[in-house]
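One structure is given below, encoded as structure tokens.
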Amino acid sequence: MDKKRKEEVKQIFGQRLRNIRLEKGMSQEELAFQSSFDRTYISGIERGQKNPSLITIETLADALDVNTDSFFRD
637 MDKKRKEEVK QIFGQRLRNI RLEKGMSQEE LAFQSSFDRT YISGIERGQK
687 NPSLITIETL ADALDVNTDS FFRD
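Just so we're aligned, residue 637 is where the sequence shown starts under our numbering, counting upward by one.
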């Protein structure tokens, strides 16, 4: 996978995270509290600047009360 595609994947994941969070009516602060991550880390993921690990994705899914596949389907 080339660098451009990697950046695109991070952007898509971040947008999906943001959309799910907003659908749940949560702020970044609330998600940060529920997941035990810093709000700035959540923000970085949503902006496509951070590349979350599988464990992080699972933790975010738990905090949002969704399945991990919610982040990966259209």
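Where is the CB? At the ideal position from N, CA and C, for every residue including glycine.
Assign Asn655 to one of three DSSP states: helix, strand, or coil.
For the purposes of this step, residue 655 is taken as residue 19 along the sequence shown, with counting starting at 1. Three-state result, Asn655: helix.
Could you spell out the range, first to last residue, of the alpha helix (DSSP H) harbouring Phe669?
Stepping through the sequence shown from its first residue, residue 669 is reached at position 33. First-last of the alpha helix (DSSP H) with Phe669: Gln664 to Ser671.
Once DSSP output is grouped into helix, strand and coil, what is the label at Lys686?
Along the sequence shown, read from residue 1 onward, the residue named residue 686 stands at position 50. Of the three classes helix, strand and coil, the one that applies to Lys686 here is coil, per DSSP.
Measuring alpha carbon to alpha carbon, tell me which of Leu653, Arg641, Asp638 and Met637 ends up nearest Arg683.
Taking the sequence shown and counting its residues from 1, one reaches residue 683 at position 47. When only C-alpha atoms are compared, the closest one is Leu653.
CB-CB under 7 angstroms to Arg675, same chain, minus the five flanking residues each way: which ones, in chain order?
To locate residue 675, count along the sequence shown from 1; it is residue 39. Within the same chain, Arg675 has close Cβ partners Gln664, Glu665 and Ala668.
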